[in-house]
Structure formats: C-alpha cells, structure tokens
Amino acid sequence: MEQPNHNIPVEMHIEDKSHIPLYKTLGEVAALWTIANVGYYTVLPLFGYQLNYNSAPIVIAGYFFVWAMISTFFFWELFTKNVTEKHRIWTYGILSLCSAGLIWGMLYLFSFLPTSQAPLLSFNTDILFSTPWYFLPKSIEILVQQILIAVLVLEFYSRFNSLKETIIAYAVCFGGAHVLLFSLNGAPSPYALMMIAGSVLSALIFPYLILRVRGGFIYAYVIHLVFYIILATLLRTLPLYGYVF
C-alpha cells in the first residue's frame, strides 16, 4: 500500500468511508447511469424524439442536465465531505459548462468538414453525421459521466489510499461498463473497441487529475469532450470499417 501523497491539493481531503459497503456505492452509480440510459432509449421516443443527438439537441441536452442534477444531489454528502470549501462541486459544474462553451469555438472548423449522405444505420452512427449541435447534448451527457467518475475515484481512494489501486479499480469498472454496453447495443466492432480502449486508458488520466490536480475535475471533463470532437473528426474523414455505406 503506497503512502499518502502530501501533494494532494489543499482543498481536497478523502474521508475514510470503509464503513459503507463499496458494492452499495458501485450499485448506486450503475443504477443511476442505467436508469438515465434506459430513460433516453424509452421515454424520449414516446414523445416523438429520435434517438439522435443531431435531431433534438436541446431536448436531449435538457434530459441529461436533469440527470446531472440528480447525480449531484444524490452524492452531495460524498462531495461535501471530500471538498473542504463548501459548494465547490457547483463551481466545478459551472466551469465545466463554461469550458464546453469555449470548446464550441473548436467546432467552427469542424463544421466545414463534409457531411456523409449515407442513411443512419443505428443510434451508434449519429456521430458520423454530427454537426456542432451534436456536441450540446454530448457535453451534458459527458458531464453526467464525469460526476459519476468522480464518485468512483473518491470512493476507491477513500478505501485503498493508493493512486495505483484506484487506477486499477477504476479501469476495471469503467472499462467493464463499456464492454457490457457495447455488447448489448450492437455498435460496430471497430467503434466499440475504440471506445473500450479509450475508457480503459482514461484510467491513466482521470483519477490522477481528480485526486492530485487542483481543478482536476474540469480538466478531465474537457479532455473527455475533446476526445469526442477528435473522434467525430476522424470518423467524418476516415469512417471506420464496420460502418457500411
């Protein structure tokens, strides 16, 4: 077990929450994300909305924003106990959204890329047809993910008190969740493998930023969103094998 690192930002301290079963927190995180996704795939179509970020970006963004608020309130005690300065999580959330606004400028060049005219094959292919509007709901969905990722990282570190073990546990959970997701939703294999690899590799970045870097939550959020902008650019210019046109 590695020794506690004294370079952790002064506003961050990790409380020992070993009296709460770890499986309970993991189950809560999984339940929130599962319910949010089930709602997306079932509730929105009932109101006539396509499962496509390009077709109803404002509505879908609003949907995921509700889940961002629900996730924050649900784990409010965890965040307040691990952040000395009160309401820091709200500051992080607001700054994350502001960062998404700044990233919008990057999408100006993206908007000049040619758009595929092939038919939409599945809900996994909407990124191929993405416009800058696609990233409005995507940015809020990623915010929900980052809130839940922060919960995992804080919970793992409170028990292991080890960055290395936290990274391993996070990689297993986050990578495993992506394996399960893509095994169920029928995404093209190259796309699924790229996303699974990205989720595992994020373990080398996100836990370190959240635990050791002041404002690391925001940096992790921006990196996560930039990844999707780069991915959309690559898929627009060099579509992966498996997306049949």
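Add 1420 to the 1-based position in the sequence shown for my numbering, that's all there is to it.
Ideal Cβ placement from N, Cα and C applies to all residues, glycine included.
Work out the CA separation of Tyr1590 and Leu1572 for me, nearest whole Å. Whole-angstrom Cα-Cα distance: 7 Å.
Inter-stretch contact (C-beta, 8 Å, three-pair minimum) for the segment 1437-1454 and the segment 1558-1578
For the pair of segments examined, the segment 1437-1454 was found to touch the segment 1558-1578: the number of CB pairs separated by less than 8 Å reaches three.
Discussion item. In whole angstroms, give me the CA-to-CA distance for Met1614 and Phe1647.
Written reply: Per the coordinates, the alpha-carbon of Met1614 lies some 11 Å from the alpha-carbon of Phe1647.
Practice item. Please report how far the alpha carbon of Tyr1634 lies from the alpha carbon of Tyr1628, in whole angstroms. Key: For clarity, residue 1634 is Arg in the given sequence; the question names Tyr instead. About 11 Å.
How many angstroms separate the CA atom of Gly1636 from the CA atom of Ile1630? The alpha-carbon of Gly1636 is positioned some 5 Å away from that of Ile1630.
If I follow the unbroken alpha helix (DSSP H) through Gly1635, where does it start and stop? Counted as a single uninterrupted DSSP element, the stretch harbouring Gly1635 is not any alpha helix (DSSP H), since DSSP gives it neither H nor E.
message: Looking only at its chain, what residues have a beta carbon closer than 8 Å to the beta carbon of Gly1596, apart from the 5 residues adjacent to it on each side?
response: None.
Spatial neighbours of Lys1558 within its chain, please: C-beta separation below 7 Å, excluding the five flanking residues on both sides. Same-chain partners within the cutoff: Tyr1473, Tyr1648.
Practice task
Alpha carbon to alpha carbon, how far is Phe1493 from Ile1567? Give it in angstroms, no decimals.
Solution key: If you take the alpha carbons of Ile1567 and Phe1493, they lie about 11 Å apart.
Self-check item: Three-state secondary structure assigned by DSSP to Thr1500
Solution: Of the three classes helix, strand and coil, the one that applies to Thr1500 here is helix, per DSSP.
So Ala1488 and Val1599 are supposed to be a Cβ contact under 8 Å. How far apart are they, rounded?
The C-beta distance from Ala1488 to Val1599 rounds to 25 Å, too long to fall under 8 Å, and the pair is not in contact.
Give the straight-line distance between the Cα atoms of Arg1579 and Phe1594, rounded to the nearest whole angstrom. About 18 Å.
Thr1551 in three-state terms, based on DSSP
Note: Thr1551 maps to coil in three-state DSSP.
Would Leu1604 be called buried (16 or more neighbouring beta carbons within 10 Å of its own) or exposed? Burial call: exposed.
Margin query: Spatial neighbours of Leu1645 within its chain, please: C-beta separation below 8 Å, excluding the five flanking residues on both sides.
Written below: Excluding sequence neighbours, Leu1645 sits near Ser1519, Ala1520, Ile1523, Phe1555, Lys1558, Ser1559, Ile1562.
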